[in-house]
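Mapped onto mature numbering (1 follows the signal peptide of the UniProt record, and there is no 0), the consecutive letters of the sequence shown carry residue numbers -22 to -1, 1 to 549.
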Amino acid sequence: MNSKTMLASSLVLAFTSFPALAVFNGSETVKEDYQNHFVRFVAKGNEGVQHKNCGGVLVGGKYLLTAHHCADGSYIPDLVIYQGINRNNPDETYVREAEVVHSRTHEAGFEWNNYSSKLFNNEIWPRYESSFEGSVGDYNSAAYWLDIFERMPVYLESRPDSEKNSPAFNRHNDSDFAMLVLNEPIPHHGGAILSPLVDLDTGERFLNPGEPFTFYGWGTTAYGGASGPAAATLMQAEFELYREYPLTQARDGNYGGLRGPLCSAESDGCRFSAAAKVDFIGIDTGLGVPGVGSGDSGSPVIAGDYYYGSLFGADNDPTGDAWIASVSSIGWMMPTIARAIDDVIYPSDMGIALERGNDETHEVSIPIQNFTDTVMVLDPVEVTGGFEPEYFEPEDGGEGIEITYEDFVFVDQDCAGLLEPNQGCMVKLLLNRNQFVEFNQTIEAQIDLGIDGVEALPFTVRVLLSFCEANPQDPSCMDFCDLNPWHDDCIDQCILDPWSPECLCETLPSHPDCTGDKPQVPGDGDNGDNDDNGDSGAGGSQGGSSSGGSVSFGLIGLFGLLLFRRFRLVN
């Protein structure tokens, strides 16, 4: 399977006894690469004593897949969950409560035994038969392991209830996986299909060495994962599977250590050792060999459309020039996950968010996964509403374009047909496939996923506020005069001198020079009517001027007389 993988999430520095991880020798993530089912969150671990910062992935709205050491035991108080690439300014923040589904249960013991049996019988023993010769009493022989697989279910069932119900007695392997069941869904557009790394019945590998994926993390960027400041922006780097899984479950018996040589035809002896963790290693793309450091536990490994597990930790010392990161694989836990969900799941907020004015083509992926115990029959997907076809005629008089509904959104791939238990399928929509549409306002449509009993759901194309629309008071969004209102070039001159000629009408709008009205001219016995004689007209004009002057001088005289009388009265 040649697919690009995303190991994604977002985490801050975790003060725990386990290493929480992030990226060094990486680069900052751009907003266009971020998908909001990748989250970072803060929870209390160690029975509520310490705050832990971890990453995870949302599926089905209310299921958060992460690392178990981020949620120690079964105690989970309120979670604070963040979406977005900016640590200090997240896109969204949610407060939730959760219950923990983890691997340390009685039922998981049967599932691990069944998984280990398939690993040995289908993958390891057939390749290296000569290395597993011997009787039941010979440690590591095929007979020894077959006897273990047969007797383990009997032993598990014979235990007292106190042991069956205690996580301390159900540590079947080294898994650090946990699923947090939230008390209320969190909106997210996309997601991934949960999958094992290998199909142990058919031998099909879904992820191989040499197939790169992108790792996203929030923690320290100090080289080698050393303590240091956490990244303010989500970081990313390229990684790949370290060695072929599940062949890593058998190593050359002449060498010790987890990273020892794998079995081969030349090995004198092979040792089978099943583990729930798999290893990944950084790929140098020019910035140095990347690795993970403090701040990113629980981040998901997502290859193409599929989620394979969550990040646990990393080696304290490098192997060669690189630091190996360990991920808890979920393949063996699929039955446990299915029991906890027991439903068909899909994203809780289907659609996409775009910047205003965007006119590009976008693929929208919608995972559907059947976690019931019955086979489902899905009908074709249909999107309706929210957009009206129109005919566009260019201003230059060229040939017009008919914009259809399928130009707005086109179902490129649906899930019509049978969906077996635990099986998933990815619906793929092409938005604006011919780039005829420019998105300047939110469009609210509906999508029918073809699931029996599930009505049409909202499908929304949201137009995001620009930075300045969301932050109008930010200095970068204000012009010079907003920041310097009293500067000479910015201040209103009429505030400084309201009686200046250019400001008169603003100060006194009823002034005759502003209303356009002529002053009334008193008549000379003919009600103000002038005859047709030009001199008479001129005389009338002069009379008006004289009368106005007389009135003015009269007022001045009256004012002087009043002052004179007041002076006499006072004295």
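Glycine residues also receive a C-beta, built at the ideal position from the N, C-alpha and C atoms.
- Under the three-state reduction of DSSP output, R317 falls in the helix class.
- Around the beta carbon of T362, fewer than 16 other beta carbons sit within 10 angstroms, so the residue counts as exposed.
- Cα atoms of N449 and A49: separation of roughly 36 Å, rounded to the nearest angstrom.
- Contact check for A303 against V270 passes: the beta carbons are separated by less than 8 Å.
- With contacts defined as CB atoms closer than 8 Å, A316 and F349 qualify as a contacting pair.
- Residue state for M157 is assigned as strand, using DSSP reduced to three classes.
- For L225, same chain residues with a beta-carbon under 6 Å away, outside a window of 5 residues either side, are L240 in chain order.
- If you look at Y324, you'll find it isn't in any alpha helix (DSSP H); DSSP assigns it neither H nor E.
- Excluding residues up to 5 positions away in sequence, N3 lie with their Cβ nearer than 7 Å to the Cβ of G266 in the same chain.
- In this structure, the CA atom of T485 is about 6 Å from the CA atom of P476.
- With a cut-off of 8 Å on Cβ pairs, the region 73 to 89 is in contact with the region 148 to 156, counting three or more such pairs.
- DSSP, read as helix, strand or coil, puts F193 in strand.
- Around the CB of C492, fewer than 16 other CB atoms lie within 10 Å, so the residue is classed as exposed.
- Here Q471 carries a helix assignment [DSSP, helix/strand/coil].
- The shortest C-alpha to C-alpha distance from S307 to any of D460, R249 and A254 is the one to A254.
- The alpha-carbon of E398 is positioned some 9 Å away from that of V355.
- Taking C-beta atoms under 8 Å as the contact rule, V20 and L57 qualify, at a distance of about 7 Å.
- S113 is classed as exposed because its beta carbon has fewer than 16 other beta carbons within 10 Å across all chains shown.
- With a contact defined as Cβ atoms closer than 8 Å, V405 and L435 miss out at about 12 Å.
- Going by beta carbons, P187 and E222 fall inside the 8 Å limit.
- Between the C-alpha atoms of F217 and V322 there is a straight-line separation of about 32 Å.
- Apart from sequence neighbours up to five positions away, the residues of its chain that approach T382 with a beta-carbon distance below 6 Å are P367, ordered along the chain.
- Under the three-state reduction of DSSP output, S488 falls in the coil class, being neither helix nor strand.
- Along the length of the region 219 to 292, whole beta strand (DSSP E) runs at least 3 residues long occupy 228 to 230, 248 to 250, 255 to 260, 278 to 281 and 284 to 292, reported in chain order.
- The beta carbons of L172 and V1 sit no closer together than 8 Å.
- For a cut-off of 8 Å, the C-beta gap from S277 to G291 is around 11 Å, too long to register as a contact.
- Cβ neighbours of T352 within its own chain (closer than 8 Å, five residues either side excluded): P399.
- From the listed residues Y122, D466, V359 and L407, the smallest Cα separation to F250 is found for Y122.
- For the options Y286, Y194 and R334, the alpha carbon positioned closest to that of L443 is the one of R334.
- If the five residues before and after V387 are omitted, its C-beta is found closer than 6 Å to the C-beta atoms of V361, L407 and L409, all from its own chain and listed in chain order.
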